[in-house]
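K.L.:
Just dropping this structure here.
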Amino acid sequence: MLVIRRAKQIFTSSDKYGILENGSVVVEDGRILWVGPDEEIPVSLEKARLIDADGMVITPGFVDAHTHIPFYGHRADEFEMRNMGMSYMEIRERGGGIRRTVRMVRRATKEQLLEYNRKLVRKALSHGTTTLEGKSGYGLNLRDEIKQLEVLRELNESEPIDIVPTFLGAHEIPEGKDAAEYIEEVISWLPEIKERNLAVFVDIFCEKGVFSVQHARKLLTRARELGFKLKLHAEEFERIGGAMLGAELGAVSVDHLTAINEEDMEALAESGTVAVLLPGTTFFLGKSDYAPGRKMLEKGVKVAIATDFNPGSSMSQNMQFMITLAGIYMHFTVEEALRAATLGGAMALDLQDEVGSVEPGKKADILLFNVPDYRYIPYNYAVNNLRMVIKDGKPLTL
Ligand code: NIG
Ligand code: FE
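Taking my numbering, the leading residue of the sequence shown gets 1, the next gets one more, and so forth.
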């Protein structure tokens, strides 16, 4: 039994418990047993292991529901090219972008890919991410897509973080191929990925000039028949109908949505599909068209915020900074943004019964921040105020 005592605030992300002042959390067998005020701890402290939160702030572990881990190599030069005026899509047309990372991932051995991404995952953990979604999509052939998914599996087994694997074979059209022909290939790989249980979700980059709504419908319909859960990269640069398709097919989430309109929002509110908002991407691409997060909240859409961590359009694992961006550019209150980064992320991974809030029954994935108020986390921006991560009830050394 573990008791974390004397927290100044516990931001629970739970409707029932809200934001508790001067609270404690009791943990048993890796799960939360109780949360409440210090003076009401229901167990004897003598036999418990104690952690004195000593006036710190507790939140649930972050659930980063959209990253492109695992990848290999970097594209720091493209960052500079963009700053000098070239757009993400122009860089793509000149042989940079996703296809460049594909070349690097294909050349890497599985061992190299594993060790490279172990470091990336540990950095996410050291900034408070305790559950992370990762995608393939830098292989674009069966062998290298599977290599990526196997790396996710090994990271999940060997690191103190929960990793949810997504198959994103339809991330880009491989050089020299045509989109329709490639989609058929991707569809033919699905049974093996399912049989080997290598992915929970199937995702697609549904975007003008990449994969159309028709391609997405075909792939996702087959994926759903095989028992995969669905996600889409939708309406990132142009509105072509991916969000509507996600709502129609019962996707768990649709992600990006910077070009979404009101009709789309209504469809998402109606279907319960989670909107995963990625303000780090808009920020890092130097753009100003942030997804209309405030409006989505008002329309009753379930929202999550995530990093989109990838070597091209969003090179940060720091969920704390995403909360800052959601506040400034999407006009979320800190409470809304923190919920979107925890419980929202859990909903976007269909793990809302397991993680995302500090309440009895959930995994004891708990963060201790050395700050005087939960609002201080995004306010003291782009730095890491995390003091301790507790994963499955175990304090980690960072
Ligand atoms: O979500 N939009 C497509 N995929 C990523 C970018 C990946 C990359 O540039 O390597 C995204 O932004
Ligand atoms: Fe993405």
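Idealized CB from N, CA, C, for every residue including glycine.
Between the alpha carbons of residue 279 and residue 304, how many angstroms are there, rounded?
P.N.:
11 Å
K.L.:
How many angstroms separate the CA atom of residue 162 from the CA atom of residue 122?
P.N.:
12 Å
K.L.:
Taking 6 Å as the cut-off, is the CB of residue 312 close to at least one heavy atom of the ligand NIG?
P.N.:
Relative to the ligand NIG, the nearest heavy atom lies less than 6 Å away from the CB of residue 312.
K.L.:
At 4 residues or longer, and completely inside the segment 59-138: list those alpha helix (DSSP H) runs for me, N to C.
P.N.:
76-83, 88-93, 98-107, 110-126
K.L.:
Between residue 308 and the ligand FE, is there a pair consisting of the residue's CB and a ligand heavy atom that are separated by less than 6 Å?
P.N.:
Answer for residue 308: yes, Cβ within range of the ligand FE.
K.L.:
Tell me whether the segment 117-134 and the segment 57-70 touch, counting them as touching only if at least three CB pairs, one residue from each stretch, are closer than 8 Å.
P.N.:
yes
K.L.:
Could you say if the segment 325-340 and the segment 226-240 meet the contact criterion of at least three C-beta pairs nearer than 8 Å?
P.N.:
Cβ pair count under 8 Å is below three, so no.
K.L.:
If residue 358 sits next to residue 51, beta carbons under 8 Å apart, how far is it from one beta carbon to the other, in whole angstroms?
P.N.:
Rounded to the nearest angstrom, the Cβ distance from residue 358 to residue 51 is 14 Å, too far for a contact under 8 Å.
K.L.:
Pull up the distance between the alpha-carbon of residue 48 and that of residue 351, whole angstroms please.
P.N.:
29 Å
K.L.:
Would the segment 206-217 count as touching the segment 151-166 if we require 3 or more Cβ pairs under 8 Å?
P.N.:
no
K.L.:
Closest to residue 92 by CA distance: which of 248, 290, 196, 172 is it?
P.N.:
Closest by alpha carbon: 172.
K.L.:
What are the uninterrupted segments assigned as beta strand (DSSP E) that are 3 or more residues long and contained completely in the segment 128-212, given in chain order?
P.N.:
129-135, 162-170, 201-206
K.L.:
Across which residues does DSSP place residue 294 in a beta bridge pair?
P.N.:
In DSSP, residue 294 forms no bridge with anything.
K.L.:
For a cutoff of 7 Å on Cβ pairs, would you count residue 296 as touching chain C?
P.N.:
Of the protein chains in this structure there is only one, and it is not chain C.
K.L.:
Tell me whether residue 101 counts as near the ligand NIG, meaning its Cβ is closer than 6 Å to at least one heavy atom of that ligand.
P.N.:
yes
K.L.:
Suppose only complete runs of 4+ residues qualify. What are the alpha helix (DSSP H) ranges in the segment 259-320, listed by chain order?
P.N.:
Runs found: 262-271, 279-284, 293-298.
K.L.:
Indicate whether the contact test is met: 3 or more Cβ pairs, each with one atom in the segment 375-382 and one in the segment 339-355, closer than 8 Å.
P.N.:
By the Cβ test, the segment 375-382 is not in contact with the segment 339-355, since fewer than three Cβ pairs between them sit closer than 8 Å.
K.L.:
Would you kindly work out how many angstroms separate the C-alpha atoms of residue 159 and residue 354, rounded to a whole number?
P.N.:
18 Å
K.L.:
In angstroms, rounded to a whole number, what distance separates the CA positions of residue 2 and residue 58?
P.N.:
15 Å
K.L.:
Check each candidate in 215, 142, 395 and name the one with the smallest Cα separation from residue 178.
P.N.:
Closest by alpha carbon: 215.
K.L.:
By Cβ distance below 6 Å, which residues in the same chain neighbour residue 145 in space, the five residues on each side in sequence not counted?
P.N.:
136, 139, 169
K.L.:
Look at the alpha carbon of residue 467 and the alpha carbon of residue 35, and state the distance between them as a whole number of angstroms.
P.N.:
No statement about residue 467 is possible, as the shown extent of the chain runs from 1 to 398 and does not include it.
K.L.:
Within the continuous beta strand (DSSP E) that includes residue 395, where are the two ends?
P.N.:
394-396
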